[in-house]
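Student: One structure follows; several queries about it will come next.
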Amino acid sequence: MTGAKKYSLKFWLTFWLMAILALFGWYIFLQIQNRNIENLKPLANILPVNSERKNELQVLADIYDKMGGWDSEKTFLILFQNDMELRPGGGFIGSFGIVKTRNGKISDLEVHDTANFDVRIPDAETPPAPIAEAFRFKGWKMRDSNWSPDFRVNAEKAEYFYKLGQGGEKFDGVIAVNTDILNSILAITGPVKINDYPGQYNDQTAILQLEYQVEKGFLEQGIDKKERKNILAELAEVLIGKVHSFSFSENLELGKKIEDHLKRKDIQFFFKNEELQKEIDALNWGGRVKDFGGDYLMVVDANMNSLKSDICLRRSADYTADFREETPVAELKITYEHTCRTKDWMTADYRDWLRAYVPKDSFLLEASGQESNAVFSDELGKKVFGMKVFVPIGETKTITLKYKLPENISREDYKLLVQKQSGSGKLPVKIIVRKKDGSEFSAEEVLTGDREFSL
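Spelled out as structure tokens, the structure:
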């Protein structure tokens with residue numbers, strides 16, 4: 087374990103715990119500091135907030151209490167997901183951490199490079215066909231464990247591969263974290279300078295700067311490859327110092343940003359404690375694909391060997407449900423805009439495996455714009471249409487799917503749940519519902535999380 091990785095992970099964990107505390111304000115922070123309070127949940131009840139927010143705070147308090155290891159040491163698997171290389175569960179898992187907590191403190195931690203750990207995993211399980219074809223992998227490993235849009239499935243799969251690689255820890259939970267959280271810290275701290283490294287790091291450019299530094303910049307600066315990620319330790323130390331000195335208003339802003347990340351699925355939780363997990367799922371913080379009684383849509387993309395090109399991808403969706411005929415018909419148009427103009431070490435033509443999750447028993451009538459014939463499957467209680475998508479750099483591509491909806495999708499009291507993939511950024515959607523009499527209902531919105539539409 088390198089010093090850079092150790093401090094980087096320690097920073098993130100400190101940040102998460104402090105952010106949870108920030109949601110309660112300085113009052114609770116002082117209570118913990120001065121009175122060694124181990125259970126935050128009762129304190130959430132006394133805060134002057136509405137019932138919905140109070141419920142969120144109670145669950146956050148529960149997470150803190152359960153993660154703190156107050157009764158016994160707790161062990162967690164942390165998956166770091168780089169959403170510049172989008173995968174169904176959020177982003178490419180380049181590294182993972184194992185964290186132990188005891189009495190509210192980190193008692194032990196270690197970080198693994200996923201590529202190095204995967205060498206220990208035998209080729210015992212065949213990877214999904216798109217992975218096998220795109221990467222020529224013989225075996226399915228931890229780096230690709232988040233192939234499902236449902237985080238519980240991914241968490242269990244990651245733990246399975248960990249054990250297959252002879253990992254010896256028993257986990258109390260699994261947490262996935264996307265890269266955008268770093269930007270939230272820098273938006274509050276303002277630009278920071280790291281000694282011995284060029285430039286400043288701010289919330290607009292830090293992710294790209296770090297990506298360049300660990301891939302290219304270290305060579306220009308004569309830094310040994312083994313030490314190329316030391317910059318993460320340096321950045322962590324700078325930010326920890328700034329977070330520790332946050333004012334009351336900055337702590338509140340930090341708390342609000344964490345709430346936003348939870349709603350956007352940039353942080354996803356799976357705990358073995360079933361009671362706690364039910365609370366998390368009820369708030370939609372568990373990254374679950376939901377059962378739903380009405381119409382349903384989830385668009386899921388997987389970057390297939392296109393470097394970090396998702397930084398350049400802009401997506402939008404137009405969905406029409408037409409009830410003018412006896413059998414309802416849906417039309418889905420997904421538009422991809424590749425905003426980069428040249429290929430380089432980080433960007434390329436975009437090769438994608440698209441899956442559209444729609445109501446069970448839907449039937450595909452037509453498909454256009456894709457690079458392969460559609461394949462069909464049933465997953466997570468949904469019908470799934472899967473296909474290759476190719477978007478040349480600097481171009482725009484639209485995929486159109488037309489399919490029959492099951493007859494149980496009601497014309498009356500119509501409702502549609504659109505779930506957004508973790509890590510996919512903002513998704514502009516336009517919804518049109520055509521009724522039997524020819525009248526229309528329409529709605530347009532930029533989604534940052536899941537959204538239910540109804541007539």
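First residue of the sequence shown? That's 87 in the working numbering, and the numbers climb one at a time after it. Every residue gets a Cβ at the ideal spot worked out from N, C-alpha and C, and that includes glycine. Everything numeric in this text was worked out from a predicted model, so none of it was measured.
1. On a Cα-Cα basis, can you pick out the residue from Phe-334, Arg-401, Gly-380, Gly-303 that is closest to Ile-317?
2. Count the other CB atoms, across all protein chains shown, that sit within 10 Å of the CB of Lys-245; report buried if there are 16 or more and exposed otherwise.
3. In three-state terms, what does DSSP make of Leu-491?
4. Evaluate the contact criterion for the segment 467–478 versus the segment 435–442: three or more CB pairs, one atom per stretch, below 8 Å.
5. Does the distance from the C-beta atom of Phe-527 to that of Leu-502 stay below 8 Å?
6. Should the segment 381–400 be regarded as contacting the segment 424–438, the criterion being three or more beta carbon pairs within less than 8 Å?
7. Determine, using beta carbons only, whether Gly-472 comes closer than 8 Å to chain B.
8. Tell me which same chain residues have a C-beta within less than 6 Å of the C-beta of Thr-406, skipping the five on either side of it?
9. Can you say whether Ala-292 is buried or exposed, counting buried as having 16 or more other CB atoms within 10 angstroms of its CB?
10. Let me know the secondary structure DSSP gives Asn-389 once reduced to three states.
11. Which word fits Val-532, buried or exposed, when buried means at least 16 other C-beta atoms lie within 10 angstroms of its C-beta?
12. The alpha helix (DSSP H) spanning Asp-367 covers which residue range?
13. With which residues is Pro-514 paired in a DSSP beta bridge?
14. Do the segment 267–287 and the segment 369–376 make contact, defined as three or more Cβ pairs closer than 8 Å?
15. Please name the residue, chosen from Gly-380, Ser-331, Arg-229, Gly-183, that lies closest to Lys-468 on a Cα-to-Cα basis.
16. Does the segment 212–221 come close enough to the segment 165–182 that 3 or more CB-CB pairs lie under 8 Å?
17. Excluding sequence positions up to five away, which residues of its chain have a Cβ less than 6 Å from the Cβ of Ala-453?
18. Please list, in chain order, all residues of the same chain as Gly-524 whose beta carbon is under 7 Å from its beta carbon, the five residues on each side excluded.
19. How many whole angstroms separate the CB atoms of Val-386 and Gln-290, which I take to be in contact at a CB cut-off of 8 Å?
20. Ignore the nearest five residues each way along the sequence and tell me which others in Lys-227's own chain have a CB closer than 7 Å to its CB.
21. Need the endpoints of the beta strand (DSSP E) that Tyr-422 sits in, please.
22. By how many angstroms is the C-alpha of Glu-457 removed from the C-alpha of Ile-479?
23. When the Cα atoms are used, what is the spatial distance from Tyr-298 to Glu-159?
24. With which residues is Thr-406 paired in a DSSP beta bridge?
Tutor: So, from the data block:
1. Residue numbering aside, residue 317 sits at position 231 when the sequence shown is read from its first letter. The shortest C-alpha to C-alpha distance from Ile-317 to any of Phe-334, Arg-401, Gly-380, Gly-303 is the one to Gly-303.
2. Here residue 245 refers to the residue found at position 159 of the sequence shown. Before going on, a small fix: residue 245 reads as Glu here, not Lys. Flag for Glu-245 reads buried.
3. Position 405 of the sequence shown, counted from the start, is the residue given in the question as residue 491. It is coil, neither helix nor strand.
4. The segment 467–478 vs the segment 435–442: in contact.
5. Here residue 527 refers to the residue found at position 441 when the sequence shown is read from its first residue. Here residue 502 refers to the residue found at position 416 when the sequence shown is read from its first residue. No, they are not a contact pair.
6. In this structure the segment 381–400 lies against the segment 424–438, because at least three pairs of beta carbons, one per stretch, are closer than 8 Å.
7. This model lacks chain B altogether, as it is built from one protein chain only.
8. For this step, residue 406 is matched to residue 320 along the sequence shown. Once the five neighbours on either side are set aside, the close Cβ partners of Thr-406 are Glu-417, Ile-518.
9. Here the question's residue 292 lines up with position 206 in the sequence shown. Counting the other CB atoms within 10 Å of its CB gives Ala-292 a total of 16 or more, which places it among the buried residues.
10. Along the sequence shown, read from residue 1 onward, the residue named residue 389 stands at position 303. Strand, per DSSP.
11. In the sequence shown, residue 532 corresponds to position 446, counting from 1. Around the beta-carbon of Val-532, fewer than 16 other beta-carbon atoms lie within 10 Å, marking it exposed.
12. Here the question's residue 367 lines up with position 281 in the sequence shown. It spans 360–368 - the alpha helix (DSSP H) in which Asp-367 sits, taken as one unbroken run.
13. Here the question's residue 514 lines up with position 428 in the sequence shown. Answer is Val-532.
14. Note that the segment 267–287 does not touch the segment 369–376; fewer than 3 beta-carbon pairs, one per stretch, sit closer than 8 Å.
15. Residue 468 sits at position 382 when you count from the first residue of the sequence shown. For the options Gly-380, Ser-331, Arg-229, Gly-183, the alpha carbon positioned closest to that of Lys-468 is the one of Gly-380.
16. For the pair of segments examined, the segment 165–182 was found not to touch the segment 212–221: the number of CB pairs separated by less than 8 Å stays below three.
17. Here residue 453 refers to the residue found at position 367 when the sequence shown is read from its first residue. Excluding positions up to five away in sequence, the list reads Ala-460, Leu-487.
18. Translated into the one-based positions of the sequence shown, residue 524 becomes position 438. Same-chain partners within the cutoff: Arg-410.
19. Reading the sequence shown from its first residue, position 300 is the one you call residue 386. Reading the sequence shown from its first residue, position 204 is the one you call residue 290. In fact, because the Cβ distance is near 28 Å, the residues do not count as touching under 8 Å.
20. As a working mapping, residue 227 is identified with position 141 in the sequence shown. Asp-204, Ile-207, Phe-247, listed in sequence order.
21. Taking the sequence shown and counting its residues from 1, the one referred to as residue 422 is at position 336. Looking at the DSSP string, the run of the beta strand (DSSP E) that includes Tyr-422 is 415–424.
22. Working through the sequence shown from its first residue, we reach residue 479 at position 393. Working through the sequence shown from its first residue, we reach residue 457 at position 371. For Ile-479 and Glu-457, the distance between alpha carbons rounds to 16 Å.
23. Along the sequence shown, one-based indexing puts residue 298 at 212. Along the sequence shown, one-based indexing puts residue 159 at 73. Spanning the two alpha carbons is a distance of roughly 38 Å.
24. The residue given as residue 406 occupies position 320 in the sequence shown. For Thr-406, DSSP records a beta bridge to Glu-417, Ile-518.
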